[in-house]
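Student: Dropping a structure here in structure tokens format, bear with me for questions.
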Amino acid sequence: MPIRFKDRTFAPRPFTTLLTLALLALLVSLGRWQLHRAAEKQLLFDAFTAGGGAAQRIDLASAKVPRYTQVEADGHYDDSRQILIDNMVNAERAGYFVITPFALQAGGWVLVNRGWVPLGKSRAERPAIPVAADPRRIRGRADNLPSPGIRLGNPPPLAAPFPVVADFPTHAAVAQLLGETRWTAAADLILLDAAEPDGFVRHWAPPGFPPLRHVGYAVQWFGLALALAVIYVVTNFRRTGANLPA
């Protein structure tokens, strides 16, 4: 039903109204989702900051520790069964994360991310990633293996020869590849500290955009919603006497 305001009438068409409402709902939901992502990222960044304290010793019997907790472990590397996680980017250059199994001194295993190495001239050329198997104590942050935003389908099982190139493997897939069943529950992975030897490029930070980037995207979606609402109102005001829908 048309609504009159002095010499103008607000008379939106049903189809235009329904379409506008649907678009407004979509834009607002996208803005709210970005705010939710910002809150999640803030927790992640806070955990990264809080995890920089004294290192906690872990072994096979250790319980799971909070993500990004500083940990240390005794044992030795197994450089004969390493994994290269593909599609990792550093300074806009493609490369791999080097994942090396670490045999814990008292038994069991943990994976260690020794850092980033650049892609060679082709993917058929594997980077040189040797590491000595001498006993040592390593230090780093507890973390998870890198994961995609959306995992589509079931990738084929990982298979030798080593080093195996993998695209976002799960911990279960790595365990199956290595044929090992005894893993510490403390962490899926240790991000090797930059001061530790036998590592590569290590600029550790929480994955993805910082919280403020998501807040900025939310503001953009809400701004589009506001602009759409203004356009809807303005374009549906007409001077009295103009042809109105029946």
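Residue 126 in my numbering sits at position 125 of the sequence shown, and the numbers go up by one each step. All C-beta atoms in this analysis are idealised placements derived from N, C-alpha and C, irrespective of residue type, glycine included.
1. Spell out the partners DSSP gives E181 in its beta bridges.
2. Are the region 138-150 and the region 184-193 touching, with three or more C-beta to C-beta distances below 8 Å?
3. Just to confirm my understanding: we take Q35, look at its own chain, exclude 5 residues before and 5 after, and list those with CB closer than 8 Å. What are they?
4. For a test of the three-state rule: what should DSSP assign to R68, helix, strand or coil?
5. Using alpha carbons as the reference points, say which of T182, I100 and D135 lies closest to F201.
6. How is A247 classed by DSSP in three states: helix, strand or coil?
7. Which class does Q57 belong to by DSSP, given the choice of helix, strand or coil?
8. By the three-class DSSP mapping on this structure, what secondary structure does A188 have?
9. If we ignore side chains and look at the alpha-carbon of each, how far apart do P170 and P212 end up?
10. Buried or exposed: where does L245 fall if 16 or more other Cβ atoms within 10 Å of its Cβ makes it buried?
11. Anyone know if the C-beta pair for A74 and L112 falls short of 8 Å?
12. Please look up how many angstroms separate the CB atoms of I84 and A167, rounded, as I've assumed it's under 8 Å.
13. Return the Cβ separation of K89 and Y97 in integer angstroms, given the expectation that the two are a contact with Cβ distance under 8 Å.
14. Would you kindly check if the distance between the Cβ of W205 and the Cβ of G109 is under 8 Å?
15. Look at the alpha carbon of T10 and the alpha carbon of N237, and state the distance between them as a whole number of angstroms.
Tutor: If we stick to the structure as given:
1. Paired residue(s): none; E181 is not in a bridge.
2. yes
3. H215, V216, Y218, A219 and W222
4. coil
5. I100
6. Reliability fails at A247, whose pLDDT of 44 lies under 50, so the model's placement of it is uncertain and no value is given.
7. strand
8. coil
9. 26 Å
10. The predicted model places L245 with a pLDDT of 45, which falls under 50 and marks its position as unreliable; any figure quoted below should be read in that light. Per the 10 Å Cβ criterion, exposed.
11. no
12. 6 Å
13. The residue you asked about is not Lys; residue 89 is Met in the sequence shown. Yes, they are in contact, since the Cβ atoms of M89 and Y97 sit about 6 Å apart, within 8 Å.
14. no
15. 8 Å
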